[in-house]
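Take a look at the structure set out below.
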Amino acid sequence: MSGYDLEQKLVIGLASSALFNLEESDEVFRTQGELTYREYQREHENILLEPGVAFPFIQRLLSLNSIFPKDKPFVEVILLSRNDPNTGLRVMNSIEHYGLGIKRAIFLQGRTPHKYINALNISLFLSANETDVNQAILAGYPAGLILKGHIFDVAHDKELRIAFDFDGVIADDSSEQVYKESGLGAFIENEENLANQPANIGPLHKLLKELSTLQKEEIKYQSQNSDYKSRLRLSIVTARNAPAHKRVINSLRAWGIDTINEAFFLGGIEKRRVLEILNPHIFFDDQVTHLERTANSIASVHIPFGIANKKADPKQAIVSNDQKKISAENS
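For the sequence shown, my numbering begins at 319 and goes up steadily by one.
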């Protein structure tokens, strides 16, 4: 029997905390300990879990496998769980009930899951566990922290809309570093000078590229099936504006990502204003301040990557305060 090849697939690694609402279970774990938690999960293993924040995104993404042969799905979702196999049975029972088509799972009984990301060709590890996501990002893997929210899913809406920030998400933070260290003027000058040079790739570059491949497969399928309407729509929502927009477009072209449906170059306009109209099923950004305004109604994922997420060095802060004091005394 030949092995199951993940190399030519779009693979999502998913913690049960992103897929289902586990607040009640987590409360048992925090307040009563692991042994009581394990007993609680076994007692409730036939009680369905309610859909969580990422559920609509995952459900729609997996539904796109319908355009591929049944024995060759393009989208693969693998459960990466901190549960042990016994307590994880409740999650698998719920997955089966909702017909999600998630067939592969890894149960680690409290061990960190990020070590398996590369081995499984995962393009996005999605979790509500901040420690797990930070460890994955620090190790150089694509990961996102899904924020708490109250997501209302419209069942008759068949589209899947995915929105990405650019810097620190699709691209790395090189340009963001220029902005943070030298200001807006230096950032604009840098981007004008490098307008025709593709940006360095960021944590979710591979995910976007594979989603673009999926879009192209949809277009091909639609050309052969006139009653089919393409469902996947990809958007870029960035604080960049002209002239810094050119590098975004030229980078996407150089990467072979030419299926982006919408791009918003907002130049400081609050992202929430357009996101509430665009209404994506998931939105990825590297800055928590942008996501805090959208998380309650839009599945919002923090990518804790780069300079925007670098914690201030306490020693540096003390030096800075001392310098300010000296300056004040000499003024």
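Just so you know, even glycine gets a beta-carbon here, dropped at the ideal spot from N, CA and C.
Worksheet item: What did DSSP end up calling S548 once you bin it into helix, strand or coil?
Response: The answer is coil: DSSP assigns S548 none of H, G, I, E or B.
- Would H620 pass as a contact of G462 if the rule is Cβ separation under 8 Å? G462 is positioned such that its CB atom lies closer than 8 Å to that of H620.
Taking 8 Å as the threshold (beta carbon to beta carbon), is Q533 in contact with chain B? Looking for chain B here will not work: only one protein chain is present.
Self-check item: Nearest-angstrom Cα separation, counted from D490 out to R565
Solution: Computed Cα separation, rounded: 13 Å.
ask   = Apart from the five residues on each side of it in sequence, which residues of its chain come closer than 7 Å, Cβ to Cβ, to I488?
value = Only F482, G520, L522, H523, L526 meet the Cβ criterion.
Q | Option nearest P622 by Cα separation, candidates L609, I616, N614 | A | Nearest option by C-alpha distance: L609.
Note to self: When you compare the CB positions of A333 and A513, do they come within less than 8 Å of one another, or not?
What the structure shows: Inclusion of A333 and A513 in the CB contact set at 8 Å is not warranted, their separation being larger than that value.
Terminal residues of the continuous beta strand (DSSP E) containing V566? Counting along the chain, V566 falls outside any beta strand (DSSP E), though it belongs to the alpha helix (DSSP H) covering 563 to 572.
Item to check | S541 - partner residues in DSSP beta bridges | outcome: Beta-bridge pairing links S541 to no other residue.
**Message:** For F443, tell me which candidate among V395, I469, E536 has the shortest Cα-Cα distance.
**Reply:** If we check each option's Cα against that of F443, V395 comes out closest.
Determine, using beta-carbon pairs with one atom in the stretch 366 to 373 and one in the stretch 397 to 413, whether at least three such pairs fall under 8 Å. Remark: three or more beta-carbon pairs, one from each stretch, lie closer than 8 Å, so the stretch 366 to 373 and the stretch 397 to 413 are flagged as touching.
Next on the checklist: Using the Cβ count rule (16 or more neighbours within 10 Å means buried), how would you classify S441?
Outcome noted: By the neighbour-count criterion, in which 16 or more other beta carbons inside 10 Å mark a residue as buried, S441 falls on the buried side.
Check your understanding: Secondary structure at G370, three-state DSSP: helix, strand or coil?
Key -> Collapsing the DSSP output to three states places G370 in coil.
- Message: Between E580 and S553, how many whole angstroms is the CB-CB distance? I'm expecting something under 8 Å.
- Response: The C-beta distance from E580 to S553 rounds to 4 Å, short enough to meet the 8 Å contact threshold.
Checklist line | Same chain, Cβ closer than 7 Å to V606, five either side skipped, listed in chain order | finding: For V606, the CB contacts under 7 Å within the same chain, skipping 5 residues up- and downstream, are H620 in chain order.
Between I616 and D485, what straight-line distance do the alpha-carbon atoms span, to the nearest angstrom?
When rounded, the distance between both Cα atoms is 20 Å.
Margin query: Taking only three categories from DSSP, how would you classify F601?
Written below: Shown here, F601 sits in a strand according to DSSP, grouped into three states.
(message) Closest to A473 by C-alpha separation, out of K629, E341, R378, would be which residue?
(response) Cα-wise, what sits closest to A473 is R378.
- Item | Close-in-space but distant-in-sequence residues of the same chain around N597 (CB under 8 Å, 5 per side omitted) | Listed in chain order, the non-local C-beta contacts of N597 below 8 Å within the same chain comprise R479, I616, local neighbours out to five positions each way being set aside.
**OP:** Measuring alpha carbon to alpha carbon, tell me which of N383, L397, L438 ends up nearest G321.
**Re:** Comparing Cα-Cα distances from G321 to each of N383, L397, L438, the minimum goes to L438.
Below 7 Å, is the gap between the Cβ of Q427 and the nearest heavy atom of the ligand ADP?
This structure simply doesn't include the ligand ADP, nor any ligand for that matter.
Report yes or no: do the stretch 386 to 395 and the stretch 350 to 363 share at least 3 C-beta pairs separated by less than 8 Å?
Judged by Cβ distances under 8 Å, the stretch 386 to 395 makes no contact with the stretch 350 to 363, as fewer than three pairs qualify.
Check your understanding: Relative to the C-alpha of K433, which residue among R422, P460, H415, G417 is closest?
Key -> Residue P460 is the option with its Cα nearest to K433.
Neighbour-count burial assignment, T612, 16 or more Cβ in a 10 Å radius
With 16 or more other Cβ atoms inside 10 Å of its own Cβ, T612 counts as buried.
ask   = For R422, which beta-bridge partners are listed by DSSP?
value = Beta-bridge pairing by DSSP links R422 to I396.
Beta-carbon proximity of F373 to L328, cut-off 8 Å: No, the pair does not count as a contact, with Cβ atoms beyond the cut-off.
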